[in-house]
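Here is the structure we will look at, set down as C-alpha cells.
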Amino acid sequence: MFHIYLTIAYLYMLVRFVYPLPLSWMSRGLIGFVLLVASKYHLLSVLFYGNMWSPELPFAVVLLLGWLFCSFVLLLVFTLVTDVVSLLVRIIGGRDALNAVGIKLRIGAAAAAAGFGGFGVYQAIQVPEIHRVELAIEGLPAELDGFRFVQLSDLHISRLFPEPWVRAVVERTNTLSADLIVITGDFIDGSKEARQADVAPLTDLRSLHGVIGIPGNHEYYFDYAKWEPVLEGLGIRMLINEHELIQHKSAELTIAGVTDAAATNYGFAGPDLEKALEGVSPSSTTILLSHRPEGAVINEAAGVDVQLSGHTHGGMIKALSMFVANANEGFASRGYDVGKMRLYVSNGTGLWMGFPIRLGVPSEITEFTLRPAT
Numbered sequence: 019m020f021h022i023y024l025t026i027a028y029l030y031m032l033v034r035f036v037y038p039l040p041l042s043w044m045s046r047g048l049i050g051f052v053l054l055v056a057s058k059y060h061l062l063s064v065l066f067y068g069n070m071w072s073p074e075l076p077f078a079v080v081l082l083l084g085w086l087f088c089s090f091v092l093l094l095v096f097t098l099v100t101d102v103v104s105l106l107v108r109i110i111g112g113r114d115a116l117n118a119v120g121i122k123l124r125i126g127a128a129a130a131a132a133g134f135g136g137f138g139v140y141q142a143i144q145v146p147e148i149h150r151v152e153l154a155i156e157g158l159p160a161e162l163d164g165f166r167f168v169q170l171s172d173l174h175i176s177r178l179f180p181e182p183w184v185r186a187v188v189e190r191t192n193t194l195s196a197d198l199i200v201i202t203g204d205f206i207d208g209s210k211e212a213r214q215a216d217v218a219p220l221t222d223l224r225s226l227h228g229v230i231g232i233p234g235n236h237e238y239y240f241d242y243a244k245w246e247p248v249l250e251g252l253g254i255r256m257l258i259n260e261h262e263l264i265q266h267k268s269a270e271l272t273i274a275g276v277t278d279a280a281a282t283n284y285g286f287a288g289p290d291l292e293k294a295l296e297g298v299s300p301s302s303t304t305i306l307l308s309h310r311p312e313g314a315v316i317n318e319a320a321g322v323d324v325q326l327s328g329h330t331h332g333g334m335i336k337a338l339s340m341f342v343a344n345a346n347e348g349f350a351s352r353g354y355d356v357g358k359m360r361l362y363v364s365n366g367t368g369l370w371m372g373f374p375i376r377l378g379v380p381s382e383i384t385e386f387t388l389r390p391a392t
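Just so we're aligned: the sequence shown equals residues 19 to 392 in my numbering.
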C-alpha cells in the first residue's frame with residue numbers, strides 16, 4: 019500500500035503542480051521525471067536492492083535521494099495547501115485572480131519545499147546534542163540518587179549514518195562518563211556484511227556498568243539471528259525478554275528488555291513482559307527497555323518505574339508529531355507520566371534513511387539522572 023499511496027500522490031502532483039506551470043512541454047516533462055524518481059525512491063530500492071530500508075549507494079547519492087524524497091513530500095503538502103488557497107481566491111476574486119495567484123503560489127511552494135527539505139536533511143544527519151533529563155522515582159534507594167545513564171536509540175547505522183558519524187556519537191557519549199549506557203533498538207539498516215565496519219565504533223562505548231541493548235524492528239528486517247552475535251561481540255548485552263541486575267554501591271537496579279512486535283513476523287519471540295520481569299523483586303527499581311512506546315499502561319501496572327522507548331523519531335517534523343502520536347497510543351516525543359511510571363520516548367539518535375528529515379524535532383543523546391520523588 020505504501021507504494022500505491024506514493025503513486026497516487028505522484029499523479030496528483032502531475033495534475034495539480036506540473037501541468038499548470040507556464041513552461042514548455044519539455045521543461046514540464048523534466049520536472050515530472052524528477053518528481054517520479056523522488057516518489058519512487060523506495061520502490062527503486064526494492065527493485066535494485068531487495069528492500070526499501072537500506073539501498074547500498076554512496077553517501078552523496080543517498081543524501082541527494084533523501085533530499086528529493088523529503089522535498090517531494092513537502093511539495094505535496096504545500097500543493098494541497100495551495101489548492102485550498104486557490105479555491106478561496108477564486109471564490110473571492112474570480113478566475114483571473116486565481117490564475118495570477120495560483121502560479122506564484124506554486125513557484126513559492128516549490129522553493130519552500132526544496133529549501134525546507136534541504137535544511138531538514140542537514141539537521142537530520144548532524145551528530146546529536148546531549149539532552150539532559152531528571153527522573154523522579156518513588157521509593158528510589160538513596161544509593162541510586164544521582165545514578166546517571168545514557169539512552170541511544172534508533173541509530174539506523176547505514177550508508178547515510180556511516181562509520182565516521184557512529185564514531186562521533188560514541189565519542190560524545192563517552193564524554194558523559196555515565197554509570198550505564200542503554201540502546202533501545204534499531205541499531206542498523208543493512209546486512210551484517212554491509213555494516214560490519216560502520217558498527218565497529220560501538221565497541222568503544224564506555225560506562226561503569228557497560229552497555230545494554232534490545233532489538234528494534236529493523237534488526238529483524240535484516241536477520242536478527244546474524245546481528246545478535248555481532249552486537250554481543252561489540253560488548254552490548256542484548257536483552258531478549260529478560261532482565262539484568264545492576265549492583266550499584268549497595269543498591270540493586272533492574273534493567274529489563276523486551277523484543278519488538280515485528281519479531282513474530284520473522285520467526286522470533288514477540289515481546290513478553292511477564293518473562294522479562296520473572297524473578298524481579300517488587301521492591302527493585304525497574305527500568306524497561308521497549309523499542310515501541312505502546313503498552314505503557316500495561317507496563318506501569320506490572321510495576322515498571324521507567325520505560326525507555328524510541329521508534330517514533332519524535333515525528334521528525336513538529337507538525338507531524340500529533341499524527342505519529344495517534345499511531346503510537348498517544349506517545350511521540352520525550353517525557354510522559356503514565357500513572358506512577360515515567361515514559362520517555364527518544365526522538366532518536368539517528369533515523370531511517372528513507373525519510374531523513376528533522377524540522378523542529380532534534381535528534382538526541384539522552385542523559386538521565388535518577389532522583390527520589392518528593
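Beta carbons are placed, not taken as given, at the ideal position from N, Cα and C, and that holds for glycine.
Taking the CA atoms as reference points, Tyr23 sits about 32 Å from Ile232. Counted as a single uninterrupted DSSP element, the stretch harbouring Ala287 is not any beta strand (DSSP E), since DSSP gives it neither H nor E. Straight-line measurement puts the Cα of Ser176 at about 15 Å from the Cα of Asp241.
Excluding the 5 residues flanking it on each side, Gly164 has same chain C-beta neighbours closer than 8 Å at Thr387, Leu388 and Arg389, in chain order. Straight-line spacing of the CA atoms in Thr202 and Leu307 works out to 6 Å.
Note that the C-beta distance between Leu271 and Ile264 is below 8 Å. By the CB criterion at 8 Å, Glu181 and Ala142 fall outside the cutoff. The Cβ neighbour count for Ala337, taken over all protein chains shown within 10 Å, is under 16; the residue is labelled exposed.
With contacts defined by Cβ atoms closer than 8 Å, Tyr67 and Pro76 do not form a contacting pair. The segment 130-145 and the segment 286-299 do not touch, with fewer than three beta-carbon pairs separated by less than 8 Å.
DSSP places Gly231 in the uninterrupted beta strand (DSSP E) bounded by Val229 to Ile232.
Distance from the CA of Glu152 to the CA of Pro311, rounded to the nearest whole angstrom, comes to 19 Å. In this structure, Gly332 places its C-beta atom within 8 Å of the C-beta atom of Ala350.
Excluding five sequence positions before and after Leu173, the CB atoms of its chain that fall closer than 6 Å to its own CB belong to Phe205, Thr367 and Gly368, given in chain order. Using a Cβ-Cβ distance cut-off of 8 Å, the segment 52-60 and the segment 88-98 are in contact, since at least three pairs of beta carbons, one from each stretch, lie closer than that value. By the criterion of a C-beta distance shorter than 6 Å, Tyr59 is surrounded in its chain by Leu83 and Phe87, once the five residues flanking it on both sides are discounted. Counting only unbroken stretches of 3 or more residues, the beta strand (DSSP E) elements lying wholly within the segment 195-232 are 198-202 and 229-232, in sequence order. The Cβ atoms of Gly378 and Ile335 sit closer than 8 Å to each other. Excluding five sequence positions before and after Glu382, the CB atoms of its chain that fall closer than 8 Å to its own CB belong to Pro146, Glu147, Ile148, His149, Ser364, Asn365, Gly366 and Thr367, given in chain order. Every beta strand (DSSP E) stretch that sits fully inside the segment 337-379 and reaches 3 residues is listed by chain position as 352-356 and 359-363. Boundaries of the beta strand (DSSP E) harbouring Ile264: Glu260 to His266, taken from the DSSP string. Contact check for Gln144 against Thr384 fails: the beta carbons are separated by 8 Å or more. Residue state for Ser327 is assigned as strand, using DSSP reduced to three classes.
A check of alpha carbon separations from Asp290 across Lys210, Asn259 and Ile273 identifies Asn259 as the nearest.
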